[in-house]
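Heads up: the protein sequence lines correspond to chains A and B, in order. When we follow the numbering used here, the leftmost residue of the first sequence carries the number 2, and every step to the right adds one. When we follow the numbering used here, the leftmost residue of the second sequence carries the number 2, and every step to the right adds one. Here the structure comes first, spelled out in structure tokens, and everything after it is commentary.
There are 2 protein chains.
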Amino acid sequence: MGAPYHQFCPVSKAMELLDERWTMLVVRELVMGSERFNDLRRGLPRMSPTLLSRRLQQLERAGIVERTADGGDVRYRLTEAGEELRPVVEAVGAWGTRWIGELGDVDLDPKLLVWDMHRSVDVAAIPEGRTVVQLQFPDAPRGQRDWWLVITADETDVCDVDPGFDVNVSISSSLHTLTSVWRGDLEWGAAVKSGSLQVDGPAPLRRAVPEWFTLSVFAGVPRPAIR
Amino acid sequence: MGAPYHQFCPVSKAMELLDERWTMLVVRELVMGSERFNDLRRGLPRMSPTLLSRRLQQLERAGIVERTADGGDVRYRLTEAGEELRPVVEAVGAWGTRWIGELGDVDLDPKLLVWDMHRSVDVAAIPEGRTVVQLQFPDAPRGQRDWWLVITADETDVCDVDPGFDVNVSISSSLHTLTSVWRGDLEWGAAVKSGSLQVDGPAPLRRAVPEWFTLSVFAGVPRPAIR
DNA sequence: CGGTATCCCCGTCGATACTG
DNA sequence: CAGTATCGACGGGGATACCG
């Protein structure tokens, strides 16, 4: 817990827990369904493992997270109280979507983008068998330009080295463009049309690929009217 | 703004602004209707004026607050973006109400309680003319035990010295009891019955006084079922 | 009323390395 | 995979005084 505010208002009491750096993002990852320490880390790559560990302990003490260890299989799950933070995360995210449109270059991160996209794969829309989507970000730092999503009915794997399978669809885009599409700031079709996002592969798959990803949960938030 | 998270997620971008200490409480005060620097201070008595000033400037830069100075009359008001933080504050407060029931003695503060109550006076329920409610907290620190609310149709004044008017109703309560009633953790009737809250004055006014205050906006939040 | 100026401390966080 | 250990810097924020 953070420093106390010495106020009885429930907003103050809640924020004593929630306003520490990273805490809300840890909750966000849990709300998104990550349960394991290293999965949480992948969604929070700039957070040190020490701090993640401390935050998880704090959340556990606060009754928001339950840690279970079944043998070596450690899981962090939201309790009922934690699950009720979902509306808070949603309200914050909706507000951020509407009022913080501009992204700086430092906000762009191919690791995070691919990790997020892998979580939003709509298996129902994916062809039978194994589907391999290659992602290329020519403007990303060396070593973070090439990614592969290996999608089956059971799971989606993220690879930063060529897994060796045949690629079904290859997407090449600037980091900013695909991030904008993911966030719902830019439509897929507009990105393709402008040339900043290219899709390679058989025509039926090229047409289908936008359906394969449900995008960010906030992509559908209506934006403020232009004034 | 706080330190950047280097994430494109709208939750991260929003929390860069909102997770700094005190920021959400400043927004809460603005949502509750305070507009002037010293009114904000009364709702945030443990916050230094320097820090309040800095937070207001940050919120202004972020497009959440608009500062207007009409002569010497300075006002801080929420912009449209700021007004849309109301659902965030409400979600946080509702969560806190449900899941952080226990208050420590350090959370109790007569200044704050009286200030909050003065904002929740339901003028429609108050008798015509001037109504003076005396509040007494025998267990509060010296100098913070006696308060008076001077209520007219136009405004409610908070006094920590006897304003000299005849008192219509006098309420005596432990700090914890009246705070609990205010928060909706304890019903007025139950507090009276238990003897920890006493009301003095003419019988009709004694019966009417619970209607004079609408209590905390979170008082009506349903509590989790006991398990 | 509506703020600034200053000062110093302490705690948080970041970075890195390492372990069962 | 799931964390701990260590350490240093920095800067946020608390306290207090003061000003227009």
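Each residue gets a CB set at the ideal place from its N, CA and C atoms; glycine is no exception.
Using a CB distance cut-off of 8 angstroms, residue 20(B) counts as an interface residue toward chain A.
Judged by beta-carbon spacing, residue 28(B) lies within the 8 angstroms limit of residue 90(B), meaning their Cβ atoms are closer than that value.
For the beta strand (DSSP E) assignment, the uninterrupted runs of no fewer than 3 residues enclosed by the region 44–76 of chain B are, from N- to C-terminal side, 66–71.
The C-beta separation of residue 126(A) from residue 212(A) comes to about 4 angstroms, placing the pair in contact by the 8 angstroms criterion.
Per the coordinates, the alpha-carbon of residue 183(A) lies some 19 angstroms from the alpha-carbon of residue 160(A). A contact between stretches requires three or more CB pairs, one per stretch, nearer than 8 angstroms, and the region 94–114 of chain B meets this requirement with the region 9–19 of chain A. Contact annotation: the region 171–178 of chain B touches the region 137–152 of chain B, with at least three C-beta pairs closer than 8 angstroms. Taking residue 67(B) as the centre and dropping the five residues before and after it, the same chain places the C-beta of 78, 80 closer than 6 angstroms to its C-beta, in chain order. Looking at 217(A), 4(A), 10(A), the one whose alpha-carbon comes closest to that of residue 216(B) is 10(A). The residues 46, 145, in chain order, have a CB closer than 7 angstroms to that of residue 112(A) in the same chain once the five nearest residues on each side in sequence are set aside. Counting only runs of at least 4 residues, the region 152–204 of chain A fully encloses the following alpha helix (DSSP H) elements, listed from N- to C-terminal order: 176–184, 189–195. Between residue 62(B) and residue 36(B), the gap from beta carbon to beta carbon reaches 8 angstroms or more. In the three-state DSSP reduction, residue 147(A) falls in the strand class (E or B). Residue 214(B) counts as buried, since at least 16 other C-beta atoms from the protein chains shown sit within 10 angstroms of its C-beta. Secondary structure note for residue 215(B): it is in no alpha helix (DSSP H), with a DSSP letter that is neither H nor E. Under the three-state reduction of DSSP, residue 86(A) is assigned to coil, being neither helix nor strand. Contacts between residue 92(A) and chain B, judged by CB atoms closer than 7 angstroms, involve 88, 89, 92 in chain order. Proximity to residue 194(A) across 209(A), 185(A), 178(A) peaks at 178(A), based on C-alpha coordinates.
Checking the DSSP bridge columns, you'll see residue 132(A) partnered with 152(A).
In the structure shown, residue 222(B) adopts coil according to DSSP, grouped into three states. The beta carbon of residue 85(A) sits closer than 8 angstroms to some beta carbon of chain B. Comparing alpha carbon positions, the residue from 92(B), 101(B), 209(B), 157(B) closest to residue 2(A) is 101(B). A straight-line Cα-Cα distance of about 9 angstroms links residue 150(B) and residue 118(B).
Among the residues of chain B, those whose CB is under 8 angstroms from the CB of residue 98(A) are 11, following chain order.
Rounded to the nearest whole angstrom, the C-alpha separation of residue 48(B) and residue 88(A) is 28 angstroms.
Using a Cβ-Cβ cut-off of 8 angstroms, residue 141(A) does not count as an interface residue toward chain B, since no Cβ of chain B sits closer than that to its own. Contact check for residue 44(A) and residue 65(A): beta-carbon distance about 17 angstroms, past the 8 angstroms limit, so the pair fails to qualify.
Around the beta carbon of residue 188(B), fewer than 16 other beta carbons sit within 10 angstroms, so the residue counts as exposed. Straight across, the Cα-Cα distance linking residue 227(A) with residue 60(B) is about 21 angstroms.
Residue 79(B) carries a strand assignment under DSSP once its states are collapsed to helix, strand and coil. Spanning the alpha carbons of residue 26(A) and residue 34(A) requires a straight line of approximately 13 angstroms. Using a 10 angstroms sphere on the CB of residue 224(A), the tally of other CB atoms stays under 16, which defines it as exposed.
Ranking 93(B), 92(B), 204(B), 38(B) by CA distance to the CA of residue 69(B) puts 38(B) first. Contact note: residue 5(B) reaches chain A through 107, using a C-beta cutoff of 7 angstroms and chain order. Residue 82(B) belongs to the set of residues whose beta carbon lies under 8 angstroms from a beta carbon in chain A.
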